[in-house]
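So in our numbering the end of the sequence shown lands on 172, straight run, no missing numbers.
Okay, structure first, notes after.
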Amino acid sequence: MTPPLISRRRMCPGAATMRAVAALAACTALVSGCGDDTGPDRAYPELATTLRALSHDLDEACGRTETPESCAQDLDRLTAPTERAFAQVLDHKLLDVGTVDAMNALDRARELRAAAAREARSRQDPHHLPLARAVAAEKRAYQNLLAELERLRTAPPPGDGTDPV
């Protein structure tokens, strides 16, 4: 019986390591190439931009020296960007129960603030305590809505991400 043919070629120790690294890189490239690269951008850049702008506007609304009445006017200016963000969520079909609840809470907070503002105007008191509380509640409702919208924007797709688009 003849012995099997054995290559007596000498390899330097670094060559085996380099081959292993190259094979690992090739496997990684193959695996990452199997995803759906033609699918939509999961980061939703236009929604991210809208949410950043809304967050910035909310942070600048209601400065420490402002009266609750002027703060209410600042919050009124947030209505259009909020509706734009909500429309983008609908466009991307990202809506869920948590977002609807947050939007409903914001609507209730706006209604309470409007009622408190009417009462403050009738009393001619720009520092009316119920108005200040209503404004603070509305600002918290905006913050909760922003958190929900950001959660939706960054949530992974349903399933394992391999579903066809």
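The beta carbon of each residue, even a glycine, is placed where N, CA and C say it ideally should be.
Assuming residue i contacts residue j (C-beta within less than 8 Å), just tell me the rounded distance between them.
i, j, result
"Ala94", "Ala116", "Between Ala116 and Ala94 the Cβ distance is about 20 Å, and since that is not below 8 Å, they are no contact."
For the alpha helix (DSSP H) that residue i lies in, which residues bound it at each end?
i, result
"Cys78", "75-83"
"Gly209", "This structure cannot speak to residue 209, because the chain is shown only from 8 to 172."
"Tyr51", "Careful: Tyr51 lies outside any alpha helix (DSSP H) and carries neither H nor E."
"Lys146", "136-161"
"Thr72", "It is not in any alpha helix (DSSP H) - Thr72 carries neither H nor E in the DSSP assignment."
Under 7 Å, do residue i and residue j count as touching if we go by C-beta distance?
i, j, result
"Leu153", "Ser62", "yes"
"Ala141", "Ala123", "yes"
"Ala202", "Asp81", "Past the boundaries of the shown model lies residue 202; the chain is included only from 8 to 172, so the question cannot be answered."
"Asp64", "Leu85", "yes"
Quick check: what's the CA-CA separation for residue i versus residue j?
i, j, result
"Leu97", "Thr57", "14 Å"
"Leu173", "Asp83", "Nothing in the structure corresponds to residue 173, since the chain is present only between 8 and 172."
"Leu136", "Thr89", "26 Å"
"Leu54", "Asp103", "16 Å"
"Gly105", "Ala139", "27 Å"
"Arg158", "Arg71", "29 Å"
"Pro1", "Glu76", "This structure leaves residue 1 out entirely; the chain is present only between 8 and 172."
"Thr161", "Met110", "18 Å"
"His99", "Gln150", "21 Å"
"Arg125", "Leu101", "36 Å"
Among the options, which residue has its Cα nearest to the Cα of residue i?
i, options, result
"Arg120", "Val104, Arg130, Ala143, Met110", "Ala143"
"Ala3", "Ala87, Ala79, Ser77", "Coverage of the chain is limited to positions 8 through 172, which leaves residue 3 absent and any answer about it impossible."
"Ala131", "Thr74, Pro52, Gly70, Leu65", "Looking at the sequence shown, residue 131 is not Ala but Gln. For Gln131, the nearest C-alpha among the options comes from Thr74."
"Asp66", "Lys100, Met110, Lys146", "Lys146"
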